[in-house]
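Structure record follows, encoded as structure tokens.
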Amino acid sequence: MQASERLDLTFSALADPTRRAILARLATGEATVTELAEPFEMSQPAISKHLKVLERAGLISVDVDAQRRPRKLEPGRLGEAVDWIERYRQIFEQNYQRLDALLEELQARPSRRKRAKK
């Protein structure tokens, strides 16, 4: 899978508030589907669909622990998204700095406008 496809999957998965809440919960430690479903007013199959989206995006993984199948956070993909955002943040920051410099230059110039005499 190419980097752009991974980013598409990551940002698509992060677009949903339920999935972001699931990731926030998994940031505190692994959890089962039942544990992840507790705070939400939705069925386990609905939560499972959200988990599949997060798994496809590589944001979470499934461990097998006897009878349990806990999910855990996989921070690597989030790191890729953070790196992508940071690159563009730097570009935007440079653009704003150039704009600030231009504005300062324009403000430092004497005004060329002449007032019309009445």
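In this note's numbering, the protein residues as written are 1492 to 1609. Using N, Cα and C, we set each Cβ at its ideal position, and we do this for glycine too. Quick caveat, the model's predicted, so the values are computed rather than measured.
Sequence-distant residues of its chain with Cβ nearer than 7 Å to residue i (five each side left out)
i, result
"Ile1538", "Val1524, Leu1527, Ala1528, Phe1531"
Expected contact under 8 Å - CB spacing of residue i and residue j to nearest Å
i, j, result
"Ala1548", "Arg1568", "6 Å"
"Trp1575", "Leu1498", "6 Å"
"Leu1545", "Arg1510", "6 Å"
Sequence-distant residues of the same chain with beta carbon closer than 8 Å to residue i, five excluded per side
i, result
"Glu1496", "none"
"Leu1517", "Leu1527, Ile1551, Arg1562, Lys1563, Leu1564"
Distance between residue j and residue i (C-alpha atoms, nearest Å)
i, j, result
"Phe1502", "Val1555", "27 Å"
"Val1553", "Ala1592", "51 Å"
"Gly1620", "Arg1559", "Residue 1620 is absent from the model: the chain starts at 1492 and stops at 1609."
"Gln1588", "Ile1513", "38 Å"
"Arg1600", "Asn1586", "21 Å"
"Gln1535", "Lys1543", "12 Å"
"Leu1594", "Glu1521", "51 Å"
Beta bridge counterpart(s) of residue i as assigned by DSSP
i, result
"Arg1603", "Paired residues: none, contrary to the question."
"Arg1578", "In the DSSP output, where bridge partners are listed per residue, Arg1578 has none listed."
Unbroken stretches of the beta strand (DSSP E), 3 residues or longer, contained in the region 1509 to 1572: The qualifying runs are 1551 to 1553, 1562 to 1564.
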